[in-house]
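In our numbering, the protein residues as written are 6 to 369.
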């Protein structure tokens with residue numbers, strides 16, 4: 006069963022160190038500007054253009070409508086005309102989230118209460134070793150997907166998740182040995198081998214189907230968010246008698262917010278945690294730059310500084326551009342290829358292979 010003590014019990018008893026996104030208090034006296042989801046209208050002689058040409062169609066499916074109704078009952082904000090909507094791109098068919106009105110930098114586009122977050126970590130097992138993604142997949146199966154009571158409670162969200170029969174972007178967990186070797190990049194090969202071993206060993210230990218755990222691990226790897234909390238000391242402690250805090254990572258699934266797509270170099274939003282020390286905490290999406298109505302909402306997945314190797318490993322895709330790759334290659338190391346001559350194929354050969362293969366890996 007899912008532990009009765011949820012994720013935000015952890016946040017109430019441990020100092021919060023949010024990894025990859027910001028946190029704030031709604032009553033912080035240090036704020037110079039109130040964070041709001043209200044945007045001012047245009048002023049001056051000309052009418053300001055606050056929208057972009059529509060490049061998506063709104064997702065009006067029964068599953069999405071049920072999810073919106075579920076979140077509305079929990080007093081979620083910024084859904085639909087109030088700020089955001091789920092839609093499918095008219096360019097590539099991908100589902101994502103779009104702004105339904107203009108926002109300024111710092112505005113909150115939408116937010117859901119922490120009670121709507123699905124915890125994937127057991128507070129009673131906060132040991133010295135962080136949970137693996139495969140263990141998160143196991144917990145998802147045991148606490149939600151295969152739990153009759155939880156399936157009813159969380160049905161509006163679970164019904165929106167991809168299934169094994171749907172098209173999705175596979176991570177190297179699904180690759181054959183030959184396909185993993187063809188990656189050639191040492192770091193990518195090592196990470197893929199480690200994840201596959203974790204899945205195989207855990208499936209055997211827990212008596213789970215390897216295929217079922219493999220897919221659950223992909224689901225958690227590609228859709229969950231990580232929060233770092235300080236355990237057993239004081240965060241930022243200093244001095245000879247200070248006890249430094251150990252950081253532990255816990256994972257959560259965030260309904261609706263997990264439909265936002267990734268951008269390595271041009272994300273316009275960030276995940277924001279409001280009042281983590283309170284019972285009524287919120288997960289919100291905050292604009293990091295002005296956003297026009299109709300614009301797709303994007304965030305940077307993971308820590309926000311993921312290389313393409315890590316994005317492939319955890320999310321199943323490689324972005325067209327990623328400034329982190331340049332930094333990683335410049336730094337070098339034993340797990341990097343230092344020159345184009347280290348690859349067995351040329352860029353032209355790879356591009357031709359992609360053209361001939363098409364979208365063979367699927368599209369979620």
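Every residue gets a Cβ at the ideal spot worked out from N, C-alpha and C, and that includes glycine.
Let me know if residue i comes out buried or exposed under the rule of 16 or more other beta-carbons within 10 Å of its beta-carbon.
| i | result |
| --- | --- |
| residue 5 | Any question about residue 5 goes unanswered here, given that the chain covers just 6 to 369. |
| residue 142 | buried |
| residue 355 | exposed |
| residue 77 | exposed |
| residue 292 | buried |
| residue 126 | buried |
| residue 198 | exposed |
| residue 112 | buried |
| residue 88 | buried |
| residue 79 | exposed |
| residue 331 | exposed |
| residue 349 | exposed |
| residue 361 | exposed |
| residue 264 | buried |
| residue 187 | exposed |
| residue 67 | exposed |
| residue 74 | exposed |
| residue 181 | exposed |
| residue 214 | exposed |
| residue 64 | buried |
| residue 54 | exposed |
| residue 174 | buried |
Which residues bound the beta strand (DSSP E) around residue i?
| i | result |
| --- | --- |
| residue 322 | Counting along the chain, residue 322 falls outside any beta strand (DSSP E), and DSSP gives it neither H nor E. |
| residue 148 | Here residue 148 belongs to no beta strand (DSSP E), and DSSP marks it neither H nor E. |
| residue 103 | 100 to 104 |
| residue 288 | 287 to 292 |
| residue 275 | 274 to 279 |
Going by the CB atoms, is the gap between residue j and residue i shorter than 9 Å?
| i | j | result |
| --- | --- | --- |
| residue 96 | residue 261 | no |
| residue 352 | residue 341 | no |
| residue 319 | residue 226 | yes |
| residue 256 | residue 273 | no |
| residue 223 | residue 321 | yes |
| residue 289 | residue 277 | yes |
| residue 104 | residue 298 | yes |
| residue 116 | residue 82 | yes |
| residue 304 | residue 282 | no |
| residue 300 | residue 57 | yes |
| residue 165 | residue 317 | no |
| residue 312 | residue 329 | yes |
Quick one: measure Cβ to Cβ for residue i and residue j, integer angstroms, because I've assumed they're closer than 8 Å.
| i | j | result |
| --- | --- | --- |
| residue 156 | residue 149 | 7 Å |
| residue 370 | residue 302 | Nothing about residue 370 can be reported from this structure: the residues present for the chain run from 6 to 369 only. |
| residue 219 | residue 170 | Actually they do not touch by this definition, with Cβ atoms about 14 Å apart. |
| residue 93 | residue 62 | 6 Å |
| residue 145 | residue 208 | With a Cβ gap of about 14 Å, residue 145 and residue 208 do not count as contacting. |
| residue 229 | residue 258 | 5 Å |
| residue 269 | residue 324 | 5 Å |
| residue 69 | residue 139 | In fact, because the Cβ distance is near 29 Å, the residues do not count as touching under 8 Å. |
| residue 310 | residue 196 | Not really, about 16 Å apart at Cβ, beyond 8 Å. |
| residue 266 | residue 99 | 7 Å |
Opposite residue i in the DSSP bridges: which residues?
| i | result |
| --- | --- |
| residue 266 | 303 |
| residue 118 | 287 |
| residue 92 | 63 and 101 |
| residue 123 | 258 |
| residue 296 | 108 |
| residue 113 | 291 |
| residue 56 | 298 |
Along the chain, where does the alpha helix (DSSP H) that runs through residue i open and close?
| i | result |
| --- | --- |
| residue 259 | From DSSP, residue 259 is part of no alpha helix (DSSP H); its letter is neither H nor E. |
| residue 82 | Looking at the DSSP string, residue 82 is not in any alpha helix (DSSP H), and its letter there is neither H nor E. |
| residue 162 | 160 to 163 |
| residue 182 | 182 to 186 |
| residue 203 | 191 to 211 |
| residue 220 | 215 to 228 |
For chain C, is any of its Cβ atoms less than 9 Å away from the one on residue i?
| i | result |
| --- | --- |
| residue 309 | The structure shown contains no chain C; it holds only a single protein chain. |
Just checking residue i against the ligand GTP - is the residue's beta carbon closer than 8 Å to any of the ligand's heavy atoms?
| i | result |
| --- | --- |
| residue 317 | This structure does not include the ligand GTP; it has no bound ligands of any sort. |
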